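Per our numbering, the sequence shown starts with residue 22, numbered consecutively.
By construction, the Cβ of each residue, glycine as well, lies at the ideal position given by its N, Cα and C atoms.
Source: prediction; values computed, not measured.
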Amino acid sequence: MDRAAGLGCMSKLLPGPVPGPLCGRHSLRRSNLVSDVYSFIPLVLLLVIFYLLVMRPARARQKDYLATQTALEPGRRVMLASGIFGELVSLGDTEAELRIAPNTVITVNRQAVAKVVDPSPTTEPESPID
């Protein structure tokens, strides 16, 4: 009986002796495993580069945005995403009122606030000590 009989080996179709045990599949298994592992290295490198260039900065921007939104309070000078500067008059859950000039108050979406310009609310200067 032929060595390849019953094994489903393609070598039955080829002339000549059957190469190695089970048509030579097992003799190449280790080298195929190594080449399969090496073929995944570029994919892993792409995932690492994607994480470093896209995911980490996005996470940092999200963190900064949340810090800005929690720091909002009336009296703070802020800049909107459109570049308009003003002082916060009042805050709601979704809206903020901003004084951009004397007697001029606009209502904007709270998410339009890009950054807080001054670190603390505006306060009146103290009287000089005599």
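**Prompt:** Count the other CB atoms within 10 Å of the CB of Arg97; is the residue buried (16 or more) or exposed (fewer)?
**Reply:** The residue is buried, with at least 16 neighbouring Cβ atoms inside 10 Å.
**Message:** Less than 8 angstroms between the C-beta atoms of Val129 and Glu116, yes or no?
**Reply:** Contact flag set, yes.
**Message:** Would the segment 130-138 count as touching the segment 99-118 if we require 3 or more Cβ pairs under 8 angstroms?
**Reply:** Enough Cβ pairs lie closer than 8 angstroms, so yes.
**Prompt:** Do you know how far the Cα of Leu67 is from the Cα of Leu156?
**Reply:** Nothing in the structure corresponds to residue 156, since the chain is present only between 22 and 151.
**Prompt:** Whose C-beta lies closer than 8 angstroms to the C-beta of Ser111 among residues of the same chain, with five residues either side of it excluded?
**Reply:** Same-chain partners within the cutoff: Pro95, Ala117, Glu118.
**Request:** Ignore the nearest five residues each way along the sequence and tell me which others in Lys84's own chain have a CB closer than 6 angstroms to its CB.
**Result:** No residues qualify anywhere along the chain.
**Message:** In the DSSP output, which residue or residues are listed as bridge partners for Lys136?
**Reply:** DSSP output for Lys136 lists Met100 as bridge partner(s).
**Prompt:** Nearest-angstrom Cα distance between Pro63 and Ile105?
**Reply:** Spanning the two alpha carbons is a distance of roughly 46 angstroms.
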